[in-house]
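Enquirer: Protein sequences appear in the order of chains A and B. For any residue, its number in the numbering used here is found by taking its place in the first sequence, counting from 1, and adding 1. For any residue, its number in the numbering used here is found by taking its place in the second sequence, counting from 1, and adding 1.
Protein chains: 2
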Amino acid sequence: MVPGAASKEAVARKPNLREAILCAAEELFSTNGFNAVSVRDIAQAAGANPGSVTYHFKTKDGLLLEIYRRHCVPMNLRRSELLAAAKRIRDPQDRLEAIVRAYVLPAFSSGSDLAGGGARFTRLRAVMSAEGNEVARRIIAQTFDDTSHAFIDAIQETLPHIPRNDIVWRSHFLLGALYYSLVTPERVSRLSRGDADGADAGDAIEQLVRATVAALQAPPLDPAAPLQRRAARTKA
Amino acid sequence: MVPGAASKEAVARKPNLREAILCAAEELFSTNGFNAVSVRDIAQAAGANPGSVTYHFKTKDGLLLEIYRRHCVPMNLRRSELLAAAKRIRDPQDRLEAIVRAYVLPAFSSGSDLAGGGARFTRLRAVMSAEGNEVARRIIAQTFDDTSHAFIDAIQETLPHIPRNDIVWRSHFLLGALYYSLVTPERVSRLSRGDADGADAGDAIEQLVRATVAALQAPPLDPAAPLQRRAARTKA
DNA sequence: GAATTTCTTGTACACTAGTACAAATAGCAT
DNA sequence: ATGCTATTTGTACTAGTGTACAAGAAATTC
């Protein structure tokens, strides 16, 4: 590539190149995985120079780290707000639904800074979790588990008769379903044989909430078996 | 590394190196992603020479392709068997549960050739799907969608009052939950605060079946509400 | 307007990637 | 044994990787 004219033209106006790099990286990582994307790919997509990436984020890991830092706080903040609002609902059924929605909504679109950034960031988290990315794992463990606990506690309160263990599993499934919905957005419409071609984010959210609420309310797993196991374990 | 003595020792008896390479690749890909693993990594893990990989599978993509070929047929066969058996159950509730179990069981352990290979292969599929791997995408589309349709049809039969669209979504969520459970096996025990430290595959299967059946049986999405939501939703 | 900090560029370097290929070896029928 | 084939090895090659760094441009401050 000729560096002179082309780049000057493409980058004639670069109000915030750092931002553009973050954005491009987010998009590329979330669709192709971390290792499949090179720093040069990112730079090119952002209309920047590979050196700029090094300058702003030092390393490729640093870039990923910054993406997480950028999104984690607003997303969890939004979740906390919605959770607090949901907890004020009196009717247990409505409350449970609101709690689940409070967890799901910000994942599809963080309403703060970037339009649609929530969905993209969630997709990114899904990919990083699948790839077993070490940087992501660390951040998630120390940032998201608190929020997850808060949600699990809130759910537990509306479902006192369900063992916490079951609630944890079902919340876990929720996250998996959430991730997968964002990772393969086209699969649903392919499987529904055209019956529902207009599968959009709104549908996904409502379907996910409905399904999760039902799953959470399901009778717990055979109550005898866990007791046996617990008795056998606590003795040791 | 000294090539002479060490390799001769490690590979003193190599009844089927091709097999070992496939196995090592499966393990490495499914835990680290496709692009994070080099051919040399695979060769070393299999106690083989990088050249052997090229000899047996031509390219890295060819290796991945062979892994899929190896597992897809037995897995879908097993699923078909279990599905056929499930369909013979009279009681609709029991039948639905058996159908879901027929889908889930082979994903956790294909009972044919490799012990535990089902879970590893499912994890691999999860990772490939997250990474948007092109090879995997092609194979899955042409191999798994048939099976998925068969299952969806069977489910639909036990739940005639649920729109097919909703069933598709909920099956989609099942797959996501399934994938995620295998991708992050440690997360559940971390979140359950030690209440259930012995989270094993059996628990996962039963929890997944229970949750999915409940989700599938949930009342369909209010056919009127989407009109309201569509006006209020954030992203088009 | 000059100095200084902040950003951007171009390029270079050490390294690893996937793959190719000739040589060496093993297995096996004859 | 003797070929013959299938496999395994060692190595080489090109392309692309992450990152470092000097030099230039822009912005900001005094």
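Here a beta-carbon is modelled for each residue, glycine too, at the ideal position from N, C-alpha and C.
So with CB distances below 7 Å, who are the chain B contacts of residue 185 of chain A?
Expert: The residue labelled residue 185 of chain A in the question sits at position 184 within the first sequence. The answer, in chain order, is 130.
Enquirer: Considering only the alpha carbon of each residue, which of A:31, A:67 and A:77 lies closest to residue 147 of chain A?
Expert: In the first sequence, the residue the question calls residue 147 of chain A occupies position 146. The candidate whose alpha carbon is nearest that of residue 147 of chain A is A:77.
Enquirer: Mind listing the chain B neighbours of residue 208 of chain A? Cutoff is C-beta to C-beta under 8 Å, in chain order.
Expert: Sequence index remark: in the first sequence, residue 208 of chain A carries index 207 (1-based). Here the neighbours are 167, 170, 171, 174 and 222.
Enquirer: Along the chain, where does the alpha helix (DSSP H) containing residue 171 of chain A start, and where does it finish?
Expert: The residue given as residue 171 of chain A occupies position 170 in the first sequence. From DSSP, the alpha helix (DSSP H) with residue 171 of chain A extends over 165-184.
Enquirer: Give me the Cβ distance between residue 31 of chain B and residue 128 of chain B, rounded to the nearest whole Å; I'm assuming they're in contact under 8 Å.
Expert: Taking the first residue of the second sequence as 1, we reach residue 31 of chain B at position 30. Taking the first residue of the second sequence as 1, we reach residue 128 of chain B at position 127. Contact flag correct, Cβ pair sits at about 6 Å.
Enquirer: Work out the CA separation of residue 55 of chain B and residue 197 of chain B for me, nearest whole Å.
Expert: Here residue 197 of chain B corresponds to residue number 196 of the second sequence, with the count starting at 1. Here residue 55 of chain B corresponds to residue number 54 of the second sequence, with the count starting at 1. Any reading at residue 197 of chain B must be qualified, since the residue scores a pLDDT of 47, below 50, and its modelled position is unreliable; the value itself is stated next. Approximately 45 Å, taken between the alpha carbons.
Enquirer: Ordered along the chain, which non-local residues of its own chain (more than five positions away) have a Cβ less than 6 Å from that of residue 171 of chain A?
Expert: Translated into the one-based positions of the first sequence, residue 171 of chain A becomes position 170. Around residue 171 of chain A: 216 and 217.
Enquirer: Please report the distance separating the alpha-carbon of residue 89 of chain A from that of residue 208 of chain B.
Expert: Here residue 89 of chain A refers to the residue found at position 88 of the first sequence. Here residue 208 of chain B refers to the residue found at position 207 of the second sequence. For residue 89 of chain A and residue 208 of chain B, the distance between alpha carbons rounds to 30 Å.
Enquirer: Using a Cβ cut-off of 7 Å, pull out every chain A residue sitting near residue 157 of chain B, in sequence order please.
Expert: Within the second sequence, the letter at position 156 stands for residue 157 of chain B. Chain A residues near residue 157 of chain B: none, gap ~11 Å exceeds 7 Å.
Enquirer: Is the distance from the Cβ of residue 141 of chain B to the Cβ of residue 156 of chain B below 7 Å?
Expert: Locating residue 141 of chain B in the second sequence gives position 140, where the first residue counts as 1. Locating residue 156 of chain B in the second sequence gives position 155, where the first residue counts as 1. Not closer than 7 Å, so no.
Enquirer: Once the 5 residues before and after residue 17 of chain A are set aside, which same chain residues still bring their CB inside 8 Å of it?
Expert: Here residue 17 of chain A refers to the residue found at position 16 when the first sequence is read from its first residue. Cβ neighbours of residue 17 of chain A beyond the five flanking positions: none.
Enquirer: With three or more C-beta pairs closer than 8 Å as the rule, is the stretch 172-186 of chain B touching the stretch 174-191 of chain A?
Expert: Yes, the stretch 174-191 of chain A is in contact with the stretch 172-186 of chain B.
Enquirer: Who are the Cβ neighbours of residue 121 of chain A in its own chain at under 7 Å, not counting the five residues just before and after it?
Expert: As a first step, residue 121 of chain A is located in the first sequence; it is residue number 120 there, counting from the start. Excluding sequence neighbours, residue 121 of chain A sits near 27, 28 and 31.
Enquirer: Using a Cβ cut-off of 7 Å (strictly closer), state whether residue 33 of chain B contacts chain A.
Expert: Indexing the second sequence from 1 puts residue 33 of chain B at position 32. Output row for residue 33 of chain B: interface = yes.
Enquirer: Whose Cβ in chain B lies nearer than 8 Å to the Cβ of residue 218 of chain A?
Expert: Taking the first residue of the first sequence as position 1, residue 218 of chain A is located at position 217. Result: 215.
Enquirer: Is residue 20 of chain A helix, strand or coil by DSSP?
Expert: Residue 20 of chain A sits at position 19 when you count from the first residue of the first sequence. It is helical.
Enquirer: Along the stretch 66-89 of chain B, what residues have a CB closer than 8 Å to any CB found in chain A?
Expert: Listed in sequence order: no entries.
Enquirer: Among B:21, B:61 and B:35, whose alpha-carbon lies nearest the alpha-carbon of residue 45 of chain B?
Expert: Position 44 of the second sequence, counted from the first residue, corresponds to residue 45 of chain B. When each option's Cα is compared against that of residue 45 of chain B, the closest is B:21.
Enquirer: Quick one: what does DSSP say residue 144 of chain A is sitting in, helix, strand or coil?
Expert: What you label residue 144 of chain A is simply residue 143 of the first sequence in a count that begins at 1. Residue state, collapsed to three classes: helix.
Enquirer: First and last residue of the alpha helix (DSSP H) that includes residue 220 of chain B?
Expert: On the second sequence, position 219 is the one that residue 220 of chain B refers to. First-last for residue 220 of chain B: undefined, no H or E at that position.
Enquirer: Compute the distance between the beta-carbons of residue 134 of chain B and residue 35 of chain B, then report whether it is under 7 Å.
Expert: For this step, residue 134 of chain B is matched to residue 133 along the second sequence. For this step, residue 35 of chain B is matched to residue 34 along the second sequence. Going by C-beta atoms, residue 134 of chain B is nearer than 7 Å to residue 35 of chain B.
Enquirer: Could you spell out where the alpha helix (DSSP H) holding residue 63 of chain B opens and where it closes?
Expert: Reading the second sequence from its first residue, position 62 is the one you call residue 63 of chain B. Where residue 63 of chain B is concerned, the enclosing alpha helix (DSSP H) stretches over 61-88.
Enquirer: Note down the Cα distance separating residue 211 of chain B from residue 23 of chain B, rounded to an integer number of angstroms.
Expert: As a first step, residue 211 of chain B must be located in the second sequence, where it is residue number 210. As a first step, residue 23 of chain B must be located in the second sequence, where it is residue number 22. Taking the straight line joining both Cα atoms gives about 34 Å.
Enquirer: Using a Cβ-Cβ distance under 7 Å, would residue 119 of chain B count as near chain A?
Expert: Along the second sequence, one-based indexing puts residue 119 of chain B at 118. It does not; no Cβ of chain A falls within 7 Å.
Enquirer: According to DSSP, simplified to helix, strand and coil, what is residue 92 of chain B?
Expert: One-based indexing of the second sequence puts residue 92 of chain B at position 91. Coil.
Enquirer: Closer than 7 Å by C-beta to residue 64 of chain B: which residues in its own chain qualify, once you throw out the five before and the five after it? Chain order, please.
Expert: Position 63 of the second sequence, counted from the first residue, corresponds to residue 64 of chain B. So the qualifying residues of the chain are 26, 54 and 58.
Enquirer: Suppose the cutoff is 6 Å on Cβ atoms and the five residues either side in sequence are ignored; what does the same chain contact list for residue 49 of chain B look like?
Expert: Counting from one through the second sequence, the residue named residue 49 of chain B turns up at place 48. Result list for residue 49 of chain B: 18 and 22, in chain order.
Enquirer: What span of residues does the alpha helix (DSSP H) with residue 54 of chain A cover, start to end?
Expert: Working through the first sequence from its first residue, we reach residue 54 of chain A at position 53. It spans 51-58 - the alpha helix (DSSP H) in which residue 54 of chain A sits, taken as one unbroken run.
Enquirer: Keeping to the same chain, check which residues put their C-beta closer than 8 Å to that of residue 100 of chain B; ignore five residues upstream and five downstream.
Expert: Translated into the one-based positions of the second sequence, residue 100 of chain B becomes position 99. Hits under 8 Å: 84, 87, 88, 152, 155, 156 and 159.
Enquirer: Going by CA-CA distance only, name the one from A:98, A:61, A:39 and A:126 that's closest to residue 72 of chain A.
Expert: As a working note, residue 72 of chain A is residue 71 in the first sequence. The shortest Cα separation from residue 72 of chain A among A:98, A:61, A:39 and A:126 belongs to A:126.
Enquirer: Tell me whether residue 98 of chain A is buried or exposed, calling it buried when 16 or more other Cβ atoms sit within 10 Å of its Cβ.
Expert: Position 97 of the first sequence, counting from 1, holds the residue named residue 98 of chain A. When all chains shown are included, residue 98 of chain A counts as buried.
Enquirer: Going straight from the alpha carbon of residue 131 of chain B to that of residue 131 of chain A, what length do you get?
Expert: Taking the first residue of the second sequence as 1, we reach residue 131 of chain B at position 130. Taking the first residue of the first sequence as 1, we reach residue 131 of chain A at position 130. When rounded, the distance between both Cα atoms is 7 Å.
Enquirer: Rounded to the nearest angstrom, what separates residue 38 of chain B and residue 102 of chain B at their Cα positions?
Expert: Position 37 of the second sequence, counted from the start, is the residue given in the question as residue 38 of chain B. Position 101 of the second sequence, counted from the start, is the residue given in the question as residue 102 of chain B. Roughly 33 Å between the two C-alpha positions.
Enquirer: Are the CB atoms of residue 80 of chain A and residue 107 of chain A nearer to each other than 7 Å?
Expert: For the purposes of this step, residue 80 of chain A is taken as residue 79 along the first sequence, with counting starting at 1. For the purposes of this step, residue 107 of chain A is taken as residue 106 along the first sequence, with counting starting at 1. Yes, they are a contact pair.
Enquirer: Could you tell me whether any non-hydrogen atom of the ligand COA is closer than 6 Å to the CB of residue 64 of chain A?
Expert: You won't find the ligand COA in this model; it holds no ligand whatsoever.
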